[in-house]
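Reading through the structure tokens given below for one structure.
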Amino acid sequence: MSELVPAIRPSPRQPVFAPGGSFLVPTPRIDARPLVSGAEIHLKAVDLSKTYRRGQVDIPVLRGVNLQVRRGEFLAIIGASGSGKSTLLHLLGTLDAPDAGEVHMQGERIDNLPSSRRDALRNREFGMIFQFYHLLPEMTALENVLSPLLISSSIWGYLRHRRKHLQTARSLIEMVGLAHREKHRPRELSGGEMQRCAIARALASGPQVLLADEPTGNLDRATGDEILRILQNLNRRENLTIVMVTHDLAIAAKADRIVRLVEGRVETA
Amino acid sequence: MYKLLLCWRYLRTRYIALASIVSVTLGVATMIVVNSVMQGFAHEMQDRIHNILSDVVVESRSMEGFYDPQGHMDEIRRLGGDKIEGLTATVVVPAMLSFQANGGLVTRPVQLIGIDEETYSQVGDFGKFLQHPANRERLSFALRAGGYDVRDHQAGPEAHPRPQMGEGGWPHRRRRVEFDRISARLAAAESTRREDLAQRTPAVDTSVASHRELDPNPREDASGATQQPSDAEKPAGDPPSDDIFAKHQKPAEPFDALREQQTGVVLGIALASFRNHEGEDRFVLLPGDDVKLMFPGAGMSYDLDGGVMTPKVSYDWFTVVDFYESKMSEYDSSFVFVPLRKLQELRGMINPSSGTIDPATGQADPATQVGYATAIQVKLKPGSNLNQFRDQLRAAFPLNQYNISTWRDKQGPLLAAVSMETAILNVLLFMIIAVAGFGILAIFLMIVVEKTRDIGILKSLGASASGVMGIFLAYGLSLGIVGAGAGLGIGLLFVAYINEIADVLALITGHEVFDPSIYYFMKIPTIVEPLTVGWIVAGALAIAVLASVLPALRAALLHPVEALRYE
């Protein structure tokens, strides 16, 4: 088990971004890529249930959710408010532990790992995007993008690889079109810019899975579409597995597959 | 790495937290200042006491002393071997010092010490404390022609000069004696005239005139050289006058005060001077003036009338030859040094049946006669174990007759009081820093609540609980470093400029913060001990870190999902 983290990481897979290539530029949909359905199961939820306790009352949020996400799949989870979609996303991303059921990543169970292992997973394997961007207000855009790399490295490790890390962060921030704002604090950025910055941060440590919690929920249609385009491009070009939670069918329609959550259970659309 | 970056950012953006550590800063600064000043005082005091008292003292428990001090010294030297650096025998007795100043009689209780000029300077810094450069080299009880220090050689250049000292010595003695003789002649002539007048015209009210004439202050009727209060003194060996000194004159041998001196005496400087509020020393006696000393004799005399034993009182006149200034006011205002042999003679401490008999006269040679002494002072080589040597001596001498102590034993209560004071002050001031710790705790809890969402973000990015805890501990530590560092700087600056600050405070409040006339130093002494400063800073840092443990734990235990939802 102790070799788990390296084991679930396939050979070198640090995404290489073409210098200057912007994901903002709409690219025609190329359907020449291999069919997702044939790929291996990347992320699997087995009979997940979760109950929150509010005072004396138990509120069941998830009641046995089964879900499979293939590698390179862009999955949208939709459902009404309170249907448990965010909770499901948190459970998939090991931010929270299920009351029952299991979460598997590439066939290995990850929900019961010790916390240090789960911390490492969140840092390296998952990139997370939130509705309210959740950037650190004390840091500049560039530093926010760097933060996963900062978290994973010690002081000396960071100083040794400083140049490489900075290069990674710069190319990511350039990719999302924020190169001119890298020195700005989050409060000086617009909503769309903050979300682009958050996407760049989610990609910094080269994750395989992107978990997006209502990434467009706080943005207008045009900006939301822009964000969505970036996600789609990442999905196609980098073969990134994306799980996106939304309540907006129009947004969900851009995904490869849609899963509907109703009262804590999956209802295939 | 992110811990450092975040804690640096928090440090630069949360000024409220900086406000919470102001009390740490103040506490550290105060502790440094207090410790430096206390250390300075204690060191100054110990240094002086040590130099005055020599290392080990063997004292007789009786006022009569012990017989044959040379034999005792030989024994001590045999016991101590090469550890001994110097030895000297002394006679210490309580005495009364009297002299006339400003026309009035001044009497003071003193500690009269008979010293051996040859060896006394070997056991302590006695020589250093004298005011004549030649006496500092080698003490002589003969009055010098002049050349006493006008500047205090132990103080810095900022000390006030003592212009009066420049007049001390033979010229001062001659001028004073001549002046006294003239005024005595005038007084005699005046009283003859009044007697004549009284015979011729009885019952005339002359109260106003006699008042003026009886005024003992000769300044009234003398001219010139009367600016010094010491000039007003009555000398020894003058024609009889009706003060108490006259009764003890020995008319047998004519003593020419113009050319001769009495036995020399070194007075503690505070006996002969006072310090005014500007810190200037005003002298009422100068080298060349005569003083009288009264002290108990060694034995008892049989009183024929009452049939009881009564102690004898001895007295004699002495001529001031120098002043002793150890800068310890207790000693400077009580010590009086005279030649050992003379004191032994006066007190009857010489065995008349000892000594080699001169065949020519049939008399014993006084130089070889064996006397008594009351104390032997021992100076050991640097680094010797004083307590061990003291115990060795205690084993060798009968303790019912001898009191054997080190200088520390003798000043034990004083030294203990100073260290006690320092300890209590340190405890109190450290409490202040501890109180500051609770301020930090409260502010930190606020910051953790404010940063709840950021903590959730960090956890979602993979930061571990210990990492989050580390941010806040490092934040506490860096606040502590800032606070203690500022305190260190302020404290050291304060210590460096403490005398200037005292001056400014005196100027503002209008009353002296540090009164040199009380302490006998011109400046506030300070010693910055790196170890003490290190402990203070380390203590402040520890408190800052301890105060951040609880908030940091709280941050570490936050649930990431709930933290992310926190609005």
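For the protein sequence lines, the chains are Y and V, in the order given.
Quick note on the numbering used here: the first sequence kicks off at 1 and runs consecutively.
Quick note on the numbering used here: the second sequence kicks off at 270 and runs consecutively.
Note that the Cβ used here is the ideal one computed from N, Cα and C, for glycine as well.
As the structure is a computational prediction, the values presented were derived from the model and not from experiment.
1) Between S105 of chain Y and E125 of chain Y, is the Cβ-Cβ spacing less than 9 Å?
2) Which ranges would you report for the alpha helix (DSSP H) in the region 720-773 of chain V if only whole runs of at least 4 residues count?
3) Helix, strand or coil: how does DSSP classify S305 of chain V here?
4) Distance, Cα to Cα, L833 of chain V vs C197 of chain Y?
5) Go ahead and label I155 of chain Y buried or exposed: buried means 16 or more other beta carbons lie within 10 angstroms of its beta carbon, across all protein chains shown.
6) Can you tell me the Cα-Cα spacing of F74 of chain Y and P98 of chain Y, whole angstroms?
7) Which whole runs of the alpha helix (DSSP H) in the region 142-207 of chain Y are 4 residues long or more, in chain order?
8) Give the list of continuous beta strand (DSSP E) stretches no shorter than 3 residues that lie fully inside the region 230-258 of chain Y.
9) Name, going along the chain, the residues of the region 148-162 of chain Y whose beta-carbon falls closer than 7 Å to a beta-carbon of chain V.
10) When the Cα of F398 of chain V is compared with those of V:P338, V:H422 and V:G681, which residue comes out closest?
11) Output needed for G101 of chain Y: all residues of its chain with C-beta closer than 6 Å, excluding positions within five of it in sequence on either side, in chain order.
12) What is the DSSP secondary structure of Y835 of chain V, reduced to helix, strand or coil?
13) Give a yes or no on whether the minimum CB-CB distance between N123 of chain Y and chain V is below 9 Å.
14) Three or more beta-carbon pairs under 8 Å between the region 456-471 of chain V and the region 604-621 of chain V, yes or no?
15) In whole angstroms, give me the CA-to-CA distance for V262 of chain Y and G706 of chain V.
16) If you draw a straight line from the alpha carbon of K320 of chain V to that of M332 of chain V, how long is it in whole angstroms?
17) Assign Q81 of chain Y to buried or exposed, taking buried as 16 or more other Cβ atoms, counted over all protein chains shown, within 10 Å of its Cβ.
18) Of the residues that make up the region 68-89 of chain Y, which ones have a beta carbon closer than 9 Å to any beta carbon in chain V?
19) Which two residues bound the contiguous alpha helix (DSSP H) that contains T51 of chain Y?
20) Given this structure, state the Cα-to-Cα distance separating A824 of chain V from V802 of chain V, to the nearest angstrom.
21) Going along the chain, which residues of its own chain have a beta-carbon closer than 6 Å to the beta-carbon of A816 of chain V, five neighbours each way excluded?
22) For the region 700-720 of chain V, list every residue whose C-beta sits within 7 Å of some C-beta in chain Y, in sequence order.
23) Quick one: Cα of G350 of chain V to Cα of G416 of chain V, how far?
24) Using a Cβ-Cβ cutoff of less than 8 Å, which residues in the same chain neighbour I702 of chain V once the five nearest sequence positions on both sides are dropped?
25) Any beta carbon from chain Y within less than 9 Å of S323 of chain V's own beta carbon?
26) I'd like the span of the alpha helix (DSSP H) that includes G349 of chain V, first residue to last.
27) Against chain Y, does I793 of chain V count as a neighbour if the rule is that its beta carbon must be under 9 Å from one of theirs?
28) What first and last residue would you give for the alpha helix (DSSP H) that runs through I382 of chain V?
29) Drop a sphere of 10 angstroms on the beta-carbon of D601 of chain V, count the other beta-carbons inside from all chains shown, and report buried for 16 or more, exposed for fewer.
30) Applying the criterion that 16 or more other CB atoms from any shown protein chain within 10 Å of the CB defines a buried residue, is S190 of chain Y buried or exposed?
31) With 7 Å as the C-beta to C-beta threshold (strictly closer), list the residues of the region 182-208 of chain Y near chain V in chain order.
32) Going by the beta-carbon positions, is the gap between V360 of chain V and G393 of chain V smaller than 9 Å?
33) Once you ignore the five residues that flank A732 of chain V on each side, which residues in its own chain have a CB closer than 8 Å to its CB?
34) Would you say P34 of chain Y lies against chain V (beta-carbon separation less than 9 Å)?
35) Measuring alpha carbon to alpha carbon, tell me which of V:R281, V:N304 and V:F543 ends up nearest N695 of chain V.
36) Along chain Y, in chain order, which residues have C-beta atoms closer than 8 Å to that of Y279 of chain V?
Taking the structure as given:
1) Along the first sequence, one-based indexing puts residue 105 of chain Y at 105. Along the first sequence, one-based indexing puts residue 125 of chain Y at 125. Note on identity: in this sequence residue 105 of chain Y is Met, with Ser being the wrong assignment. Yes, they are a contact pair.
2) 721-729 and 734-765
3) Locating residue 305 of chain V in the second sequence gives position 36, counting from the first residue. Of the three classes helix, strand and coil, the one that applies to S305 of chain V here is helix, per DSSP.
4) Against the second sequence, residue 833 of chain V aligns to sequence position 564. Against the first sequence, residue 197 of chain Y aligns to sequence position 197. If I take the Cα positions, the gap works out to 18 Å.
5) The count along the first sequence starts at 1 and reaches residue 155 of chain Y at position 155. Flag for I155 of chain Y reads exposed.
6) Start at 1 with the first residue of the first sequence, and residue 74 of chain Y comes out as number 74. Start at 1 with the first residue of the first sequence, and residue 98 of chain Y comes out as number 98. Whole-angstrom Cα-Cα distance: 23 Å.
7) 155-160, 162-175 and 191-203
8) 241-246
9) P148, L150, I151, S152, S153, S154, I155 and Y158
10) What you label residue 398 of chain V is simply residue 129 of the second sequence in a count that begins at 1. The option with the nearest alpha carbon to F398 of chain V is V:H422.
11) Your numbering for residue 101 of chain Y matches position 101 in the first sequence. Around G101 of chain Y: V46, D47, L48 and S49.
12) By one-based count along the second sequence, residue 835 of chain V stands at place 566. Residue state, collapsed to three classes: coil.
13) Here the question's residue 123 of chain Y lines up with position 123 in the first sequence. Closer than 9 Å: yes.
14) no
15) For the purposes of this step, residue 262 of chain Y is taken as residue 262 along the first sequence, with counting starting at 1. For the purposes of this step, residue 706 of chain V is taken as residue 437 along the second sequence, with counting starting at 1. Approximately 52 Å between the Cα atoms of the pair.
16) Taking the first residue of the second sequence as position 1, residue 320 of chain V is located at position 51. Taking the first residue of the second sequence as position 1, residue 332 of chain V is located at position 63. Here the sequence assigns Asn to residue 320 of chain V, which means Lys is not the residue at that position. So the alpha carbons of these two residues sit roughly 24 Å apart.
17) The residue you call residue 81 of chain Y lines up with position 81 of the first sequence. Looking at the sequence shown, residue 81 of chain Y is not Gln but Ser. With fewer than 16 other Cβ atoms within 10 Å, it is exposed.
18) S86 and T87
19) In the first sequence, residue 51 of chain Y corresponds to position 51, counting from 1. Unbroken run through T51 of chain Y is the beta strand (DSSP E), I41 to R54; no alpha helix (DSSP H).
20) By 1-based counting over the second sequence, the position of residue 824 of chain V is 555. By 1-based counting over the second sequence, the position of residue 802 of chain V is 533. Cα-Cα distance, rounded: 33 Å.
21) Taking the first residue of the second sequence as position 1, residue 816 of chain V is located at position 547. The answer, listed in chain order, is G706, I709 and L710.
22) none
23) Position 81 of the second sequence holds residue 350 of chain V. Position 147 of the second sequence holds residue 416 of chain V. Computed Cα separation, rounded: 41 Å.
24) One-based indexing of the second sequence puts residue 702 of chain V at position 433. So the list reads S292, V293, G296, V297, M300, G808, A809 and I812, once near-sequence residues are dropped.
25) Within the second sequence, the letter at position 54 stands for residue 323 of chain V. Cβ-Cβ to chain Y under 9 Å: no for S323 of chain V.
26) Reading the second sequence from its first residue, position 80 is the one you call residue 349 of chain V. From DSSP, the alpha helix (DSSP H) with G349 of chain V extends over P338 to G349.
27) The residue you call residue 793 of chain V lines up with position 524 of the second sequence. With 9 Å as the cut-off, I793 of chain V does not count as an interface residue toward chain Y.
28) Residue numbering aside, residue 382 of chain V sits at position 113 when the second sequence is read from its first letter. It is not in any alpha helix (DSSP H) - I382 of chain V instead sits in the beta strand (DSSP E) that spans G373 to I384.
29) Numbered from its first residue, the second sequence carries residue 601 of chain V at position 332. D601 of chain V comes out buried.
30) As a working note, residue 190 of chain Y is residue 190 in the first sequence. Exposed is the call here.
31) none
32) Walking along the second sequence from the start, residue 360 of chain V turns up at place 91. Walking along the second sequence from the start, residue 393 of chain V turns up at place 124. Cβ distance not < 9 Å, so V360 of chain V and G393 of chain V don't count as in contact.
33) If you number the second sequence from 1, residue 732 of chain V lands on position 463. For A732 of chain V, where only same-chain residues beyond five positions count, the Cβ hits under 8 Å are Y271.
34) Numbered from 1 along the first sequence, position 34 holds the residue referred to as residue 34 of chain Y. Reliability of the predicted coordinates at P34 of chain Y is poor, the pLDDT of 46 falling under 50, and the value obtained from them is presented with this limitation in mind. Not an interface residue.
35) Residue numbering aside, residue 695 of chain V sits at position 426 when the second sequence is read from its first letter. For N695 of chain V, the nearest C-alpha among the options comes from V:N304.
36) Taking the second sequence and counting its residues from 1, the one referred to as residue 279 of chain V is at position 10. Chain Y residues near Y279 of chain V: E138.
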